[in-house]
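Trainee:
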Amino acid sequence: MARNKSILSEARQIERAVTLINLGARLQVLESETDLSYERLLRLYKEVSGKSPSKGQLPFSTDWFMTWQPNIHASLFLNIHEYLNKSAALEDIDIIIKAYQLYLEHTSSQGLEPLLSVTRAWRLVKFVDNGMLAMTKCSRCGGHFVTHPHEIAKHYVCGLCNPPARAGKGKAAGSLSMH
Numbered sequence: 014m015a016r017n018k019s020i021l022s023e024a025r026q027i028e029r030a031v032t033l034i035n036l037g038a039r040l041q042v043l044e045s046e047t048d049l050s051y052e053r054l055l056r057l058y059k060e061v062s063g064k065s066p067s068k069g070q071l072p073f074s075t076d077w078f079m080t081w082q083p084n085i086h087a088s089l090f091l092n093i094h095e096y097l098n099k100s101a102a103l104e105d106i107d108i109i110i111k112a113y114q115l116y117l118e119h120t121s122s123q124g125l126e127p128l129l130s131v132t133r134a135w136r137l138v139k140f141v142d143n144g145m146l147a148m149t150k151c152s153r154c155g156g157h158f159v160t161h162p163h164e165i166a167k168h169y170v171c172g173l174c175n176p177p178a179r180a181g182k183g184k185a186a187g188s189l190s191m192h
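Taking the numbering used here, the leading residue of the sequence shown gets 14, the next gets one more, and so forth.
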């Protein structure tokens, strides 16, 4: 019976890895979130995506999440993640996968380009879990946004209520329009 259990467990690990690969996850995420060997993950990555995985280190800085548009996208994802975390009995990585899929559905339904990759979403959750980032309630709209952990909540105003002066201007405006 234990043998069957390990086969089912391995099948779940492979299914999870395939889902992450299809979402664009980097190999380091797969290594961290599955029990499959590096060699098997590499073969699986090549088979599923048809190419070798990207090389190089994962983004480590919290700064990206603090810039205007990435912060809005990261906050959207993290709000979905927090909701699922409270309401669904899933493993941590499965919550990240489901939250990311819902984030993609939401951005697509709004005609927006998703700025958050699944790897950055995974990293964002790790940053929050480790106290490097937090969620703070906007004092104007009441929404919860990704912030540094010691943001003074009483005076915090989000990037939607107080966009930067150049927001939405020029060719590099990105995907959010301020109408």
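We put the beta carbon where it would ideally sit given N, CA and C, even for glycine.
#1: PHE140 and THR75 - do their beta-carbons sit closer together than 7 angstroms?
#2: Any contact of the segment 94 to 111 with the segment 173 to 180, i.e. 3+ C-beta pairs under 8 angstroms?
#3: With distances taken from CA atoms, which of ALA134, ALA166 and ARG29 is nearest PRO83?
#4: Quick check on VAL170: buried or exposed, where buried means 16 or more other Cβ atoms within 10 Å of its Cβ?
#5: Tell me the rounded alpha-carbon separation between ARG56 and LEU137.
#6: Give every residue of the same chain whose Cβ lies closer than 6 angstroms to the Cβ of GLY187, excluding the five residues on either side of it in the sequence, and list them in chain order.
#7: Please classify MET148: does DSSP put it in a helix, a strand, or coil?
#8: Let's see if you can read the secondary structure: which residues bound the beta strand (DSSP E) around HIS168?
#9: Enumerated in chain order, which unbroken segments of the alpha helix (DSSP H) with a length of 4 residues or greater are wholly contained in the segment 64 to 123?
#10: In three-state terms, what does DSSP make of THR132?
#11: Measure the C-alpha to C-alpha separation of HIS86 and CYS154 and round it to an integer number of angstroms.
#12: If you draw a straight line from the C-alpha of HIS163 to the C-alpha of LEU89, how long is it?
#13: Among ALA30, LYS68 and GLN41, whose alpha-carbon lies nearest the alpha-carbon of GLU60?
#14: For the candidate residues SER130, LYS150 and LYS167, whose alpha-carbon lies nearest to that of TRP77?
#15: Per DSSP, what kind of secondary structure is VAL31 in: helix, strand or coil?
#16: Going by CA-CA distance only, name the one from GLY172, HIS161 and ASN143 that's closest to SER152.
#17: DSSP state of GLN26, grouped into three classes?
#18: Going along the chain, which residues of its own chain have a beta-carbon closer than 6 angstroms to the beta-carbon of PRO66, five neighbours each way excluded?
#19: The beta strand (DSSP E) that contains THR160, what's its start and end?
Mentor: Straight from the coordinates:
#1: Yes, the pair counts as a contact, with Cβ atoms nearer than the cut-off.
#2: Taking a cut-off of 8 angstroms for Cβ pairs, the segment 94 to 111 and the segment 173 to 180 do not touch, as fewer than three such pairs fall below it.
#3: Relative to the Cα of PRO83, the nearest Cα in the group ALA134, ALA166 and ARG29 belongs to ALA134.
#4: By the 16-neighbour rule on beta-carbons within 10 angstroms, VAL170 is exposed.
#5: Each residue's Cα considered, the two are about 27 angstroms apart.
#6: The predicted position of GLY187 is uncertain, since its pLDDT is 44 and thus under 50; a value taken from the coordinates is nonetheless stated next. Once the five neighbours on either side are set aside, the close Cβ partners of GLY187 are GLN82.
#7: Here MET148 sits in strand by DSSP.
#8: It is not in any beta strand (DSSP E) - HIS168 carries neither H nor E in the DSSP assignment.
#9: Qualifying alpha helix (DSSP H) stretches, in chain order: 81 to 100 and 105 to 122.
#10: Looking at THR132 - three-state DSSP - the assignment turns out to be helix.
#11: If I take the Cα positions, the gap works out to 16 angstroms.
#12: Computed Cα separation, rounded: 20 angstroms.
#13: The option with the nearest alpha carbon to GLU60 is ALA30.
#14: TRP77 has its Cα closest to that of SER130, out of SER130, LYS150 and LYS167.
#15: It is helical.
#16: Considering only GLY172, HIS161 and ASN143, the residue with the shortest C-alpha distance to SER152 is GLY172.
#17: Helix.
#18: Listed in chain order, the non-local C-beta contacts of PRO66 below 6 angstroms within the same chain comprise LEU40 and TYR58, local neighbours out to five positions each way being set aside.
#19: Its beta strand (DSSP E) spans residues 157 to 160.
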